[in-house]
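**Q** First the structure, then my questions, so here it is.
In my numbering, the protein residues as written are 6 to 140.
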């Protein structure tokens with residue numbers, strides 16, 4: 006299942022049957038990137054209909070691990086709400102390779118559809134999606 010925007014921007018024809026797992030994994034990773042890259046509206050803004058978006062992780066990482074844990078919990082809620090193709094979502098804080106860089110987040114879950122398959126997406130606070138791998 007692809008979202009409308011993915012179908013509109015894709016040059017590949019829609020094929021009946023089970024989707025390619027690699028294409029599906031990349032689409033899920035792209036949706037997670039959109040969630041992370043979109044900034045939420047101000048609290049109380051009556052034009053905010055969906056509550057979509059995340060605060061800037063780089064700014065939050067300066068407040069320590071507790072702030073990143075809250076960020077991870079909110080991201081998990083957002084993925085569960087806005088990415089129906091990923092089930093059993095879990096987010097883990099992963100130490101950065103460089104001590105000067107913020108902690109990374111490992112998003113793991115199971116792709117829904119024909120034959121559930123584990124998916125892991127590593128998010129870097131500064132650059133967004135670092136990698137997406139099917140297990």
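Cβ coordinates follow ideal geometry from the N, Cα and C atoms, glycine included.
Determine the burial state of residue 19: buried for a count of at least 16 other Cβ atoms within 10 Å of its Cβ, exposed for fewer.
**A** In the chain shown, residue 19 corresponds to position 14, counting from 1. With a pLDDT of only 46 at residue 19, under 50, the local geometry of the prediction cannot be trusted, and the value read off the model is given with reservation. Counting Cβ neighbours within 10 Å, residue 19 comes out exposed, since fewer than 16 surround it.
**Q** Taking its Cβ as the centre, do 16 or more other Cβ atoms sit within 10 Å of residue 75, making it buried, or is it exposed?
**A** Counting from 1 along the chain shown, the entry for residue 75 is found at position 70. Exposed: under 16 other Cβ atoms inside 10 Å.
**Q** Considering just the uninterrupted stretch of the beta strand (DSSP E) at residue 114, what are its terminal residues?
**A** Taking the first residue of the chain shown as 1, we reach residue 114 at position 109. Unbroken beta strand (DSSP E) run through residue 114: 109-116.
**Q** Can you give me the C-alpha to C-alpha distance between residue 109 and residue 121, rounded to a whole angstrom?
**A** For this step, residue 109 is matched to residue 104 along the chain shown. For this step, residue 121 is matched to residue 116 along the chain shown. Going by the C-alpha atoms only, they are around 25 Å apart.
**Q** Buried or exposed: where does residue 138 fall if 16 or more other Cβ atoms within 10 Å of its Cβ makes it buried?
**A** Taking the first residue of the chain shown as 1, we reach residue 138 at position 133. Looking at its Cβ environment, which holds fewer than 16 other Cβ atoms inside 10 Å, residue 138 is exposed.
**Q** Is residue 90 a contact residue of the ligand ADP, with contact defined as CB to any heavy atom under 7 Å?
**A** The model depicted lacks the ligand ADP and carries no ligand whatsoever.
**Q** Going by Cα to Cα distance, which pick from 104, 65, 78, 58 is closest to residue 112?
**A** Counted from its first residue, the chain shown places residue 112 at position 107. Per the Cα distances, 78.
**Q** Do you know whose CA, among 99, 116, 44, 56, lies nearest residue 127's CA?
**A** Residue 127 sits at position 122 when you count from the first residue of the chain shown. Residue 127 has its Cα closest to that of 99, out of 99, 116, 44, 56.
**Q** Are the beta-carbon atoms of residue 59 and residue 41 separated by less than 8 Å?
**A** Indexing the chain shown from 1 puts residue 59 at position 54. Indexing the chain shown from 1 puts residue 41 at position 36. A contact, by the Cβ cut-off of 8 Å.
**Q** Let me know if residue 82 comes out buried or exposed under the rule of 16 or more other beta-carbons within 10 Å of its beta-carbon.
**A** Here residue 82 is taken as the residue at index 77 of the chain shown, counted from 1. It counts as exposed.
**Q** Return the CA-CA distance between residue 114 and residue 69, expressed in angstroms with no decimal places.
**A** Taking the chain shown and counting its residues from 1, the one referred to as residue 114 is at position 109. Taking the chain shown and counting its residues from 1, the one referred to as residue 69 is at position 64. If you take the alpha carbons of residue 114 and residue 69, they lie about 25 Å apart.
**Q** Assuming residue 1 is part of the beta strand (DSSP E), what are its boundary residues?
**A** What the structure shows of the chain is the stretch from 6 to 140, and residue 1 is not part of that stretch, so it cannot be assessed.
**Q** Which residue or residues does DSSP assign as beta-bridge partners of residue 37?
**A** As a working mapping, residue 37 is identified with position 32 in the chain shown. Partner(s): none; residue 37 has no beta bridge.
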